[in-house]
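Asker: Start counting the sequence shown at 65; every next residue gets the next number (the numbering used here).
All C-beta atoms, glycine included, are put in the ideal place defined by N, C-alpha and C.
Below are the structure tokens for one structure; questions will follow.
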Amino acid sequence: MADRLTGIEVFVRAIRRGSLSAAAREMAMSGAMAAKHLVQLEERLGATLVHRTTRRLSLTEAGAQFLERAERIIADLSEAESEVSAHSVAIEGLLRVSAPVSFGVLHLAGLVAEFHQRHPKVTIELGLNDRFVDLLEERWDVAIRIGRLADSTLVARKLVSESFTLCASPVYLAAHGAPQRVEDLSVHQCLGYTLAPLVGVREWAFGPHGTIRVPINAPLIANNGEALVRAACAGQGIVYAPRFMTAEAIAAGRLVEIDMGVPLLDLGAIYAVTHATRRPAARTRAWIDFLAERLPAIARHW
């Protein structure tokens, strides 16, 4: 049974990473051993799962059918082991957490102290960066991702739903008026976010799936959403940002939401993601469970 599971994991990792050698490195085995496990898996199944060349792997029809089931097996096993680990292994050691800058500053930093009270033997390294980090290459234990996930190689847990807001300060609206239609944005001052094309520096997308695209005029662009929200509060222009960034300013009256009669882009949710290992450390599981418990209560005020 152990060899069978190892063969399945080699297959899944090889497809995810694009080569048997990459799978072997992740699993701390030789390339020859990884190839042997894959061959034994194919022999047991009586089917060829991948076509191998010197440069790449490609799935056969049988491999494509088996991949979904294999990924589910690995995920279920990881989940089961994590549940046991979280209750039976000491929660201690260094936990490396990557998160977007604004979300980390506004919401995660305040939760770290509470988590530490529950688990005083855990040291958290909080890495704030708005780019997508590679968890495996950069050795992060868990990352916070906001939006719709495109990377199916990660194990994700939804923490809370999240939405966009479109807003400006009362000072700006008094001086320029509020846009009545999306087309009006081209004559307004819009604050562009350089790291997200759908709410970027040349055009903004509307509708749940972003099918409505309109050009914008952006006198200020930045690679940090919180900076744009502060600029909007100061009267610089209209900001299109997640509600977790704007909720406090809206509640305080520093920003006013704008309704142009079209739905805003569907942001999706906030997730905790880990790389696909069989047994995440107990501290990783404890942190994710803690966020899943605490963030929904915090998000009710967004």
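1) Determine the closest residue to residue 211 out of 349, 86, 67 and 332, with distance taken between C-alpha atoms.
2) Would you list the one or two residues that DSSP bridges to residue 160?
3) For residue 276, which of 301, 223, 286 and 246 has the nearest alpha-carbon?
4) For residue 222, collect the residues of the same chain with a Cβ closer than 7 Å to its Cβ; drop the 5 residues on either side in sequence, then sort them by chain order.
5) Distance check for residue 182 and residue 158, CA to CA, integer angstroms please.
6) Closest to residue 363 by CA distance: which of 196, 225, 139 and 98 is it?
7) Given a cut-off of 7 Å on the beta-carbon distance, is the pair residue 294 and residue 229 in contact?
8) Using 8 Å as the cut-off, can you tell me whether the stretch 314–330 makes contact with the stretch 266–274, which would need three or more C-beta pairs spanning the two stretches below that distance?
9) Any chance the stretch 169–182 sits against the stretch 132–143, with 3 or more Cβ pairs inside 8 Å?
10) Distance, Cα to Cα, residue 303 vs residue 178?
11) Going by Cα to Cα distance, which pick from 208, 249 and 200 is closest to residue 359?
12) Using a Cβ-Cβ cut-off of 6 Å (strictly less than) and excluding sequence neighbours within five positions of residue 185, which residues of its own chain qualify?
13) Which residue from 70, 107, 104 and 113 puts its Cα closest to that of residue 92?
Answerer: According to the data block:
1) When each option's Cα is compared against that of residue 211, the closest is 332.
2) According to DSSP, residue 160 bridges with 189.
3) When only C-alpha atoms are compared, the closest one is 246.
4) Around residue 222: 333 and 335.
5) Taking the Cα positions, residue 158 is about 15 Å away from residue 182.
6) Looking from the CA of residue 363, the closest CA among 196, 225, 139 and 98 belongs to 225.
7) Contact: no.
8) Touching, per the Cβ criterion.
9) With the cut-off at 8 Å, the stretch 169–182 and the stretch 132–143 do not touch.
10) Computed Cα separation, rounded: 32 Å.
11) By alpha-carbon distance to residue 359, the top candidate from 208, 249 and 200 is 208.
12) So the qualifying residues of the chain are 156.
13) When C-alpha distances from residue 92 are compared across 70, 107, 104 and 113, the shortest belongs to 70.
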